[in-house]
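Have a look at the structure below, then the notes.
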Amino acid sequence: MSIVLHAPPTPSAPGLLLRPWRDGDADALLAAYRDPLLLSWTQNPVTTPAEARAFLRRSRQGWAADSRFSFAVLEATPERERLVAHVLLKEVTPGRPYAEVGYWTAAPARGRGVAPRAVDAVSEWAFARFAAGGLTGIELLHQVDNPASCRVAEKSGYVFQEVLPARPPFPRDGHRHVRARP
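So the mapping is simple: the working numbering equals the position in the sequence shown, first residue as 1, plus 20.
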């Protein structure tokens, strides 16, 4: 898994490095999931070392199956790289026109444009890599009461399409945004 993506810096934020998750990321992953807001939006929280290991194992398996691509998003500082987000491209199947992107942002990185830049980088990579297999669009789904995710969708080129009715495991209606292949 040697895929490494980059998102350029902005005047107020450093550049981003996106790469597959590594076993050594477990502590940073657990730290990110200590955030109550992240826990409130996620279906599969990572709150124990065993859950972190399972998350990292699923990430490796998704890459190996060439169908689910989970990226750790890092900011490079002079001292070290710091985990700031996660982006996942899933439901990638040859002949299927749509895939889905999901993401979260670590609490200290929110409001700095991390998620839109990371989602944009993964989206561009996905279209370049999977267009020949029929990928024509990527969906971004979120619950209606998550306006921050609406802003991320808009900033990363995803156009609002419709309101989706609540269905398990999602307790509330949702928004469906789509980015079409250029």
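By construction, the Cβ of each residue, glycine as well, lies at the ideal position given by its N, Cα and C atoms.
- Scanning its chain for C-beta atoms nearer than 7 angstroms, with the 5 sequence neighbours on each side dropped, one finds around G133 the residues T30, A33, in chain order.
- Assignment of beta-bridge partners to F89 by DSSP yields L109.
- For A129, the closest of D43, P188, D55 by C-alpha to C-alpha distance is D55.
- For P167, the three-state secondary structure derived from DSSP is helix.
- The beta-carbon distance between E95 and V107, rounded to whole angstroms, is 14 angstroms. This is too long to meet the 8 angstroms contact definition.
- With 16 or more other CB atoms across the displayed protein chains lying within 10 angstroms of its CB, A126 is buried.
- With respect to the 8 angstroms criterion, L38 and V142 are classified as neighbours on the basis of their beta carbons.
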